[in-house]
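Colleague: Here's a structure for you.
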Amino acid sequence: MQTSEEKGNLVTIDWRPHSEIIQTLGAPPACDVSADSIATFQSDGVVLLRGASADWVDRLRAGLQRNMDYPNDYAFPCDSVAPGGKGRFFDSYCNWHRIPEFTDYLSSSSAASMACQFMQSTSAQFFHEHVFCKDAGTQTATPWHHDLPYYCVDGWQNVSIYVSLDFTPADTAVRFLAGSHRSGQLYYPRHFLDGSDYVLDDPSMSSVTPLEDTFEEENLRVFELEPGDTLLFDFRTLHGTTAAPIKHQRRAFSTRWLGDDMIYCARPGETSPPLQDIGVTPGMRMPEEFFPVLWPSPGLT
Ligand SMILES: O=C(O)CCC(=O)C(=O)O
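First residue of the sequence shown: 782, per the working numbering; consecutive thereafter.
What follows is the structure, given as structure tokens:
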């Protein structure tokens, strides 16, 4: 049997950004977001903005390639295909300060402005980035889960901005359960390797596995994606994929954002990312020395 560490986070190089890099983050530009898109995000917990990140596809692909070529030079690389399984399901996070293309995205893309508007917040604090790659031949599903219980933060104003970097047919794209972000129920985090729940003893959460077969088709949101198409979803929105074989490599770059009401919280088990010793106690805002506030744009204040 594999240990929890073999299924999830490895001990790696330090994830912490140095203060100098935070100071170099520039003045991210503003963008206009339609009221309809914000309303869809608020009601469904997910919205698709076609082509919204098209200008970033080449740079983000180059950054992701560094992460994949030299995984051990970066924090928390993870391969989630079980031994003997086909393909590769790679993910890694908390490397934005080591990968120039990712630093550039935070400084110069309109992600911070976009996040602020969708969260209906007055500020957007950057939490971390997360990259994903499924190679051709992979048949490992992304297990149905939602992200909040993995994280050491709590609150309602949050968003992930997920940039598709390849053409992805609907049968292998991430699918979302509309409205699940408002259910109030939290589900145990799951290992991507085999879908098993993290071993947690938290009576306030339950397992999502028995529910998956009850999801109604009409409530599922799934889209064929082109490079640059951008999905925004709430940390509480349930999402996952089928195990349909991946025909062409499918990569994605996701950034996680915290709005005004998001605070540090202690979870009973290990969190993902496993951020330790960040010098805050439950109820405090996440420290800006590691998690910069990028909207309002630092260059404009
Ligand atoms: O791309 C995938 O299959 C997983 C994405 C995901 O779970 C996330 O961004 O939270």
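C-beta: ideal position from N, C-alpha, C; glycine also.
Are there 16 or more other CB atoms within 10 angstroms of the CB of Q804, so buried, or fewer, so exposed?
Modeller: Against the sequence shown, residue 804 aligns to sequence position 23. Exposed, because fewer than 16 other Cβ atoms sit within 10 Å of the Cβ of Q804.
Colleague: Is the separation between the beta-carbon of E882 and that of R831 shorter than 9 Å?
Modeller: Reading the sequence shown from its first residue, position 101 is the one you call residue 882. Reading the sequence shown from its first residue, position 50 is the one you call residue 831. No; because the gap between Cβ atoms is not below 9 Å, this pair is not in contact.
Colleague: In chain order, what residues of the same chain have a beta carbon less than 8 Å from the beta carbon of Q920, not counting five sequence neighbours either side?
Modeller: The residue given as residue 920 occupies position 139 in the sequence shown. The residues are G866, K867, G868, A1024, A1025, P1026 and I1027.
Colleague: Return the CA-CA distance between S834 and F948, expressed in angstroms with no decimal places.
Modeller: Position 53 of the sequence shown, counted from the first residue, corresponds to residue 834. Position 167 of the sequence shown, counted from the first residue, corresponds to residue 948. Looking at the two C-alpha atoms, the distance is approximately 14 Å.
Colleague: Here's a check: name, in chain order, each residue in its chain whose Cβ is nearer than 6 Å to the Cβ of Y943, leaving out the five neighbours to either side.
Modeller: In the sequence shown, residue 943 corresponds to position 162, counting from 1. The residues are L1012, A1033 and S1035.
Colleague: Just reading off the alpha helix (DSSP H) that Y874 is part of, what are its end residues?
Modeller: Taking the sequence shown and counting its residues from 1, one reaches residue 874 at position 93. It is not in any alpha helix (DSSP H) - Y874 instead sits in the beta strand (DSSP E) that spans F870 to Y874.
Colleague: Distance, Cα to Cα, S977 vs F857?
Modeller: In the sequence shown, the residue the question calls residue 977 occupies position 196. In the sequence shown, the residue the question calls residue 857 occupies position 76. The straight-line gap from Cα to Cα measures roughly 19 Å.
Colleague: Considering only the alpha carbon of each residue, which of D872, Q938, P984 and W837 lies closest to N853?
Modeller: As a first step, residue 853 must be located in the sequence shown, where it is residue number 72. Checked all of D872, Q938, P984 and W837; the closest Cα to N853 is D872.
Colleague: Hey, quick one: how far does the alpha helix (DSSP H) through L841 stretch, first residue to last?
Modeller: On the sequence shown, position 60 is the one that residue 841 refers to. Note, L841: alpha helix (DSSP H), V838 to D850.
Colleague: When burial is assigned at 16 or more other CB atoms within 10 Å of the CB, is L1001 buried or exposed?
Modeller: Position 220 of the sequence shown, counting from 1, holds the residue named residue 1001. Exposed: under 16 other Cβ atoms inside 10 Å.
Colleague: In chain order, what residues of the same chain lie with their CB nearer than 7 Å to the CB of I1059, ignoring the 5 residues before and after it?
Modeller: Stepping through the sequence shown from its first residue, residue 1059 is reached at position 278. So the qualifying residues of the chain are P1068 and F1071.
Colleague: Any heavy atom of ligand 1 closer than 8 Å to the Cβ of T923?
Modeller: Indexing the sequence shown from 1 puts residue 923 at position 142. Result yes, Cβ under 8 Å from ligand 1.
Colleague: Need the endpoints of the beta strand (DSSP E) that I1027 sits in, please.
Modeller: Along the sequence shown, one-based indexing puts residue 1027 at 246. Taken as a continuous stretch (DSSP letters only), I1027 belongs to no beta strand (DSSP E), as it is neither H nor E.
Colleague: For S818, which residues of its own chain have a beta-carbon under 7 Å away from its beta-carbon, when the five flanking residues on both sides are left out?
Modeller: On the sequence shown, position 37 is the one that residue 818 refers to. Only V828 and L830 meet the Cβ criterion.
Colleague: For T923, count neighbouring C-beta atoms within 10 Å of its own C-beta (all shown protein chains included) and say buried if the count is 16 or more, exposed if not.
Modeller: The sequence position of residue 923 within the sequence shown is 142, counting from 1. Burial call: buried.
Colleague: For the 8 Å Cβ check, are there 3 or more pairs between the segment 796-816 and the segment 844-852?
Modeller: Because the criterion of three Cβ pairs below 8 Å is not met, the segment 796-816 and the segment 844-852 do not touch.
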